[in-house]
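Residue numbers (my numbering): 4 to 204. Glycine is no exception: its CB is placed at the ideal position from the N, C-alpha and C atoms.
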Amino acid sequence: MKSHAVLLAAAAALATLAGCSGKEESTDAAPAADSSAAAPEAAAAERASPEESAANQEAMVQTLSDKLKPGLWKLRFTVTSIDAPDAPEPLRAPLQSLKGTTQEYAHCLPADQAGRPDPEFFGNDTNSDCSYDKFSQSGDFTTISMTCGGEGGRRMRTDMQGELKPESFELAMANQVLNSPNGKIKLAGKLTGTRTGSCEG
Numbered sequence: 004m005k006s007h008a009v010l011l012a013a014a015a016a017l018a019t020l021a022g023c024s025g026k027e028e029s030t031d032a033a034p035a036a037d038s039s040a041a042a043p044e045a046a047a048a049e050r051a052s053p054e055e056s057a058a059n060q061e062a063m064v065q066t067l068s069d070k071l072k073p074g075l076w077k078l079r080f081t082v083t084s085i086d087a088p089d090a091p092e093p094l095r096a097p098l099q100s101l102k103g104t105t106q107e108y109a110h111c112l113p114a115d116q117a118g119r120p121d122p123e124f125f126g127n128d129t130n131s132d133c134s135y136d137k138f139s140q141s142g143d144f145t146t147i148s149m150t151c152g153g154e155g156g157r158r159m160r161t162d163m164q165g166e167l168k169p170e171s172f173e174l175a176m177a178n179q180v181l182n183s184p185n186g187k188i189k190l191a192g193k194l195t196g197t198r199t200g201s202c203e204g
């Protein structure tokens, strides 16, 4: 399949409810997860300067080159918690209804990106303005922070922690809309990826 820029898996749901458009490709109902589910944002580093961001992206070229194999990948994001204490009353029920839902995506990771997948690799295909802010790795354990843009000038911060392997990964993910007119909106969940074969075409 054709590689193209995408927004993070939770962005469509959050952006839609924060006042900009988006789409969900699938929402398989699942039992609601405990809102106390662990999220990585407490351990996330502060936003990097442009110089630090460039250095972190170069570090990622080296550390991911032997972690993710090129090919067709299936990604699955499950929402585990929603935190929107300042949201207007009409938005609270729709936001909470996202808890326990799952979205699935398929992406081709080309050979020339195996050592440096686009930040958008970790999301769905609703937007394209994403950049890495922080990256660190110890063995298979990886911490990634990035910022993505959305329609209407919305910005979303995403922090991920977890394990990357050549043909699979599992990451705890925390998303926050940075400039929502509806107050603080945070969404946490689990993102998994599995290499399913070669890219089509």
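### Task
Go ahead and pull the three-state DSSP assignment for L167.
Taking the sequence shown and counting its residues from 1, one reaches residue 167 at position 164. L167: strand per DSSP, three-state reduction.
### Message
I'd like the list of long-range same chain contacts for G192, defined as Cβ closer than 6 Å, with 5 residues on each side in sequence excluded.
### Response
Locating residue 192 in the sequence shown gives position 189, counting from the first residue. So the qualifying residues of the chain are F80, T81, V82, T83 and M176.
### Task
Mind checking who S141 pairs with in its DSSP beta bridge?
The residue given as residue 141 occupies position 138 in the sequence shown. S141 pairs with F144.
### Query
At what residue ranges does the stretch 77 to 115 contain a whole run of the alpha helix (DSSP H), taking only runs of 4 or more?
92 to 99
#### Entry: Cβ distance (whole Å) where L112 is taken to contact W76 below 8 Å
Locating residue 112 in the sequence shown gives position 109, counting from the first residue. Locating residue 76 in the sequence shown gives position 73, counting from the first residue. Confirmed, about 6 Å.
### Query
My guess is that C151 and D121 are in contact by the Cβ rule of under 8 Å, so how many angstroms apart are they, rounded?
The sequence position of residue 151 within the sequence shown is 148, counting from 1. The sequence position of residue 121 within the sequence shown is 118, counting from 1. Actually they do not touch by this definition, with Cβ atoms about 11 Å apart.
### Task
Check each candidate in N185, G200 and L194 and name the one with the smallest Cα separation from E92.
For the purposes of this step, residue 92 is identified with residue 89 of the sequence shown, where counting begins at 1. For E92, the nearest C-alpha among the options comes from N185.
### Query
F138: which of D115, G165 and T195 sits nearest, CA to CA?
Sequence index remark: in the sequence shown, residue 138 carries index 135 (1-based). Out of D115, G165 and T195, G165 has the C-alpha closest to the C-alpha of F138.
### Task
Taking only the alpha-carbon atoms, compute the straight-line gap between T104 and P88 and give it to the nearest angstrom.
Start at 1 with the first residue of the sequence shown, and residue 104 comes out as number 101. Start at 1 with the first residue of the sequence shown, and residue 88 comes out as number 85. For T104 and P88, the distance between alpha carbons rounds to 20 Å.
### Task
Flag this pair as yes or no: are the beta carbons of T197 and E170 separated by less than 9 Å?
As a first step, residue 197 must be located in the sequence shown, where it is residue number 194. As a first step, residue 170 must be located in the sequence shown, where it is residue number 167. In contact: T197 and E170 (Cβ atoms closer than 9 Å).
### Contact under 9 Å by Cβ, T145 with L181
Counting from one through the sequence shown, the residue named residue 145 turns up at place 142. Counting from one through the sequence shown, the residue named residue 181 turns up at place 178. Contact flag unset, no.
### Task
Thinking K72 and I85 are a contact (beta carbons under 8 Å), I'd like their distance in whole angstroms, please.
As a working mapping, residue 72 is identified with position 69 in the sequence shown. As a working mapping, residue 85 is identified with position 82 in the sequence shown. K72 to I85, Cβ: 34 Å. No contact.
### Alpha-carbon spacing of K70 relative to S183, whole angstroms
The residue you call residue 70 lines up with position 67 of the sequence shown. The residue you call residue 183 lines up with position 180 of the sequence shown. In a straight line, the C-alpha of K70 is about 35 Å away from that of S183.
#### Entry: Delimiting residues of the beta strand (DSSP E) encompassing L190
Start at 1 with the first residue of the sequence shown, and residue 190 comes out as number 187. I188 to G200 is the span of the beta strand (DSSP E), which, as asked, contains L190.
### Query
Under the three-state reduction of DSSP, which class applies to E123: helix, strand or coil?
Here residue 123 refers to the residue found at position 120 of the sequence shown. In the structure shown, E123 adopts helical secondary structure according to DSSP, grouped into three states.
#### Entry: Inter-residue spacing [alpha-carbon to alpha-carbon] between S148 and R158
Here residue 148 corresponds to residue number 145 of the sequence shown, with the count starting at 1. Here residue 158 corresponds to residue number 155 of the sequence shown, with the count starting at 1. For S148 and R158, the distance between alpha carbons rounds to 13 Å.
### Query
Going by other Cβ atoms of all chains shown within 10 Å of its Cβ, with 16 needed for buried, is R160 buried or exposed?
Taking the sequence shown and counting its residues from 1, the one referred to as residue 160 is at position 157. By the neighbour-count rule (16 or more Cβ atoms within 10 Å), R160 is buried.
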